[in-house]
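Reading through the structure tokens given below for one structure.
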Amino acid sequence: MSEQKEGSSFQSENIPKITLEKYMERIKKFAIINENYYFITALIYLERIVAKNQSNIQLTPFTVHRLLFVAVLTAIKFSNDNNYQNVYYAKVGGIKLQDLNKMEVEFLDLIEYNLLVSEEEYNQEQNKLNLFSENL
């Protein structure tokens, strides 16, 4: 089954054909991200949303690309004063501009605008990822 009917603005109508790894490479290339900081921060944001477990948001093949994209985009925008406009980011993510705008608002509501990541929290997440990659 490759279609899903209802849900949040994070749900794609179809499962994206691009792998998550290739999608992340695309984001890194076209959003001009030279470091993993934004991806690690995005993972922290997603963990915060999942930890609250008060939303019906789930990581599925229909949602994972969009959730990751909006999490990375939020990290970029929160950390930088100079950003591209959403019309550019929508093209990078392969998402309609209207959908991206809705997803940003929904994401910020889900995370309750809690965007600040402490150095300790960041280092813990980075260590978890390092341990995970060592065990692959």
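Following our numbering, the numbering of the sequence shown begins with 1497 at its first residue and continues without gaps.
Beta carbons are placed, not taken as given, at the ideal position from N, Cα and C, and that holds for glycine.
Please identify the residue among the options whose C-alpha is closest to the C-alpha of residue i.
i	options	result
Thr1559	Ile1591, Arg1544 and Ser1629	Ile1591
Ile1540	Glu1531, Thr1570 and Lys1518	Thr1570
Gln1620	Tyr1533, Asn1597 and Asn1510	Tyr1533
Asp1595	Leu1612, Phe1565, Ala1547 and Asn1578	Phe1565
Glu1543	Val1568, Asn1530 and Arg1522	Val1568
Phe1506	Val1546, Asn1623, Tyr1580 and Leu1563	Leu1563
Lys1518	Gln1581, Gly1589 and Asp1605	Gly1589
Phe1526	Ala1547, Leu1516 and Tyr1584	Tyr1584
Lys1524	Ile1572, Tyr1609 and Pro1557	Ile1572
Between which two residues does the alpha helix (DSSP H) harbouring residue i extend?
i	result
Lys1518	Leu1516 to Phe1526
Asn1578	Element bounds for Asn1578: n/a, residue is neither H nor E.
Phe1535	Tyr1533 to Lys1548
With DSSP run on the structure shown, which of helix, strand or coil describes residue i?
i	result
Gly1590	coil
Ile1553	coil
Gln1631	Looking at the sequence shown, residue 1631 is not Gln but Asn. In this structure, Asn1631 counts as coil in the three-state DSSP scheme.
Thr1559	coil
Val1613	coil
Asn1530	coil
Glu1608	coil
Lys1624	helix
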